[in-house]
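As structure tokens, the structure follows; a few thoughts come after it.
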Amino acid sequence: MRMGFRWFGAADDPIPLAHIRQIPGVTQIVWALFDIPAGESWPTGRIAAQVAEIEAAGLRAEVVESVNVSDAIKIGQPERDRHIANYIDTIGNLSRSGVKVICYNFMPVFDWMRTDLRFRLVDGSAVLAYDSALIAPSAEEMLAQVQRGADGFLLPGWEPERLAQVRSLFEAYACVDEAKLADNFRYFIQAVMPACEEYDVRMAVHPDDPPWPIFGLPRIVRNASDLRRIEAFHDSPYNAFTLCTGSLGENPDNDVPAIIREFAGRDKAPFIHARNIKHTSPGSFHEAAHLSKEGSLDMCEIMLAVAQTSPESYVRPDHGRDIWGERGRPGYGLHDRALGIAYLNGLWEAITHG
Ligand code: CS2
Ligand code: MN
8 MRMGFRWFGA ADDPIPLAHI RQIPGVTQIV WALFDIPAGE SWPTGRIAAQ
58 VAEIEAAGLR AEVVESVNVS DAIKIGQPER DRHIANYIDT IGNLSRSGVK
108 VICYNFMPVF DWMRTDLRFR LVDGSAVLAY DSALIAPSAE EMLAQVQRGA
158 DGFLLPGWEP ERLAQVRSLF EAYACVDEAK LADNFRYFIQ AVMPACEEYD
208 VRMAVHPDDP PWPIFGLPRI VRNASDLRRI EAFHDSPYNA FTLCTGSLGE
258 NPDNDVPAII REFAGRDKAP FIHARNIKHT SPGSFHEAAH LSKEGSLDMC
308 EIMLAVAQTS PESYVRPDHG RDIWGERGRP GYGLHDRALG IAYLNGLWEA
358 ITHG
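In this note's numbering, the protein residues as written are 8 to 361.
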């Protein structure tokens with residue numbers, strides 16, 4: 008297991024690299040150039056500067072999350088070939104700075120979705136929560152709702168400047184059903200694979216979060232059979248998955264340890280997001296501390312599955328709670344993610360101890 012920590016860059020993340028360096032076992036920073044729009048290529052100089060900053064703090068920078076895939080690629084619009092050429096450029100540029108894994112997603116319009124960014128647990132900590140009863144009937148009503156509860160932070164994809172595009176994006180997706188989205192996904196994967204194989208950079212798609220359709224938009228990275236379909240686009244270790252235990256586990260029908268065993272067992276899981284969630288009612292959940300008994304997932308079984316099938320995978324804690332008075336970027340505070348790492352390290356040591 009190569010333990011990592013997601014970091015949003017010196018300008019945007021209140022957590023300094025020096026503090027991350029002090030979490031036992033962390034060797035990797037999971038990073039991105041967040042200001043470059045999807046579809047554009049990442050310049051070599053910017054990449055090298057960011058990697059140098061991370062390495063100067065005594066950490067490595069082998070995992071990028073995310074190089075976002077543009078909606079033009081997902082919809083199959085004419086600009087997609089230019090965007091794919093830029094993506095290929097980025098793959099080459101990242102490889103020259105030692106990047107080994109690119110995490111990305113293939114969700115239309117939005118990244119993850121929650122209805123509450125500061126849901127209070129009985130112990131006073133705050134977590135991200137999703138209550139299907141609170142999902143507004145339209146994306147615009149949802150935005151107003153999210154903004155009210157967001158404390159200045161917004162869900163990814165819900166930035167106010169993007170709202171203007173949201174309506175036209177919804178129109179553009181009107182003709183994209185699951186089959187069409189899967190075709191466009193196949194087209195993308197088949198186009199980037201030669202570069203991944205040449206440059207030794209593994210693509211690792213993140214599951215949809217939540218793993219079911221929202222606002223009538225198709226979602227096709229939800230469960231084991233979806234992952235098998237994606238694997239068949241191009242069967243290679245370079246066409247792989249970020250197995251996010253929380254996202255997959257939000258659907259109680261997904262047997263997360265079995266999914267890890269299946270795909271990591273075929274060398275398709277270079278990156279694991281370890282997170283616990285608690286099911287509350289059908290279609291609803293809140294996030295939880297990493298400890299198994301705080302949520303609905305068996306984190307010990309999950310780490311055992313990783314240890315037995317892909318012990319070299321990169322792992323990071325996924326979202327953490329806000330605790331001890333910290334008011335972090337929702338899901339991305341320091342304290343609870345550090346606690347999560349300490350716990351995952353403990354499981355790992357116990358599981359792998361000779
Ligand atoms: C992440 C996702 O914060 C999170 O939940 O796991 O946003 C993830 O970075 C993207 O979906 C991957 O592109
Ligand atoms: Mn995740």
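Cβ coordinates follow ideal geometry from the N, Cα and C atoms, glycine included.
Compute every distance between the C-beta of residue i and the non-hydrogen atoms of the ligand CS2, then say whether any falls below 8 Å.
i       : result
Thr-34  : no
Thr-252 : no
Thr-122 : no
His-293 : no
Asn-112 : yes
Asn-246 : no
Asn-75  : yes
Asp-325 : yes
Asp-20  : no
Asp-42  : no
Asp-118 : yes
Glu-86  : no
Glu-178 : no
Could you pull the start and end residues of the beta strand (DSSP E) that residue i belongs to?
i       : result
Ile-36  : 33-38
Ala-295 : 292-295
Thr-281 : Checking the displayed sequence, the identity of residue 281 turns out to be Ala instead of Thr. Looking at the DSSP string, the run of the beta strand (DSSP E) that includes Ala-281 is 278-281.
Leu-124 : 123-127
Gly-11  : 9-13
Provide the residue span of the alpha helix (DSSP H) that contains residue i, from first to last.
i       : result
Tyr-137 : Run containing Tyr-137: none in the alpha helix (DSSP H); it sits in the beta strand (DSSP E), 133-137.
Arg-87  : 87-103
Gln-57  : 51-63
Gln-29  : Gln-29 -> no alpha helix (DSSP H), and no H or E assigned at all.
Lys-81  : 78-82
Asn-230 : No alpha helix (DSSP H) holds Asn-230; DSSP gives it neither H nor E.
Arg-336 : That residue, Arg-336, is in no alpha helix (DSSP H); it is neither H nor E in DSSP.
Met-306 : 306-316
Just tell me which of the options has its CA closest to the CA of residue i.
i       : options                               : result
Gly-73  : Ala-55, Arg-67 and Trp-49             : According to the sequence displayed, residue 73 carries Ser and not Gly. That would be Trp-49, whose Cα lies nearest to the Cα of Ser-73.
Val-129 : Val-208, Arg-13, Arg-328 and Leu-40   : Arg-328
Thr-34  : Gly-65, Asp-118 and Arg-282           : Gly-65
Arg-334 : Leu-354, Ala-143 and Leu-135          : Leu-135
Ile-61  : Trp-14, Gly-46, Ala-79 and Ile-91     : Trp-14
Ser-254 : Phe-177, Met-114, Ala-45 and Ile-237  : Met-114
Pro-244 : Thr-252, Pro-217, Glu-257 and Phe-278 : Phe-278
Ala-314 : Arg-268, Trp-38 and Pro-220           : Arg-268
Glu-204 : Ala-186, Arg-235 and Ile-109          : Ile-109
Ala-75  : Thr-97, Ala-68 and Ala-56             : Correcting the residue type first, residue 75 is Asn in the shown sequence and not Ala. Among Thr-97, Ala-68 and Ala-56, the Cα nearest to that of Asn-75 belongs to Thr-97.
Glu-185 : Gly-83, Arg-89 and Arg-336            : Gly-83
Tyr-206 : Tyr-94, Arg-67 and Gly-332            : Tyr-94
Gln-29  : Asp-242, Gly-11 and Arg-127           : Gly-11
Tyr-339 : Pro-23, Gly-32 and Gly-272            : Pro-23
Gly-99  : Val-208, Gly-46, His-297 and Lys-285  : Val-208
Ile-43  : Cys-251, Trp-355 and Ile-54           : Ile-54
Asn-352 : Ile-284, Ala-143, Ala-68 and Met-310  : Met-310
Gly-332 : Arg-323, His-342 and Pro-324          : His-342
Ser-104 : Tyr-111, Ala-68, Pro-85 and Val-116   : Ala-68
His-213 : Ile-237, Asp-190 and Arg-127          : Ile-237
Arg-89  : Ser-291, Glu-47, Pro-337 and Val-116  : Glu-47
Arg-229 : Asn-261, Ala-239, Met-200 and Asp-325 : Asn-261
Going by DSSP, which residues form a beta bridge with residue i?
i       : result
Val-108 : Val-70 and Arg-209
Ala-253 : Note on residue identity: the sequence assigns Gly, not Ala, to residue 253. Gly-253 is not bridged to any residue.
Asn-246 : Met-210
Lys-275 : None, per the DSSP bridge assignment.
Tyr-194 : Note: Tyr-194 sits in no beta bridge, so no partner.
Arg-323 : His-280
Lys-285 : His-293
Asp-329 : Ala-133
Leu-224 : Ile-221
Is any heavy atom in the ligand MN found nearer than 8 Å to the beta carbon of residue i?
i       : result
His-213 : yes
Asp-216 : yes
Arg-336 : no
Arg-282 : yes
Asp-233 : no
Asp-130 : no
Asp-343 : no
Would you grab the beta carbon distance between residue i and residue j for me? Rounded to a whole angstrom, and I think it's under 8 Å.
i       : j       : result
Ala-349 : Ser-317 : That belief does not hold up - the Cβ atoms of Ala-349 and Ser-317 are roughly 22 Å apart, past 8 Å.
Ala-198 : Ile-91  : 5 Å
Ala-6   : Arg-125 : The chain is shown from 8 up to 361; residue 6 falls before or after that span and cannot be answered.
Ser-320 : Ala-271 : 7 Å
Ala-45  : Ser-77  : 4 Å
Ala-146 : Phe-177 : 7 Å
Ile-227 : Leu-188 : 5 Å
Asp-305 : Cys-251 : Actually they do not touch by this definition, with Cβ atoms about 16 Å apart.
Could you tell me whether any non-hydrogen atom of the ligand SAH is closer than 8 Å to the CB of residue i?
i       : result
Thr-249 : Questions concerning the ligand SAH fall outside what the structure shown contains, since the ligands it does hold are the ligand CS2 and the ligand MN.
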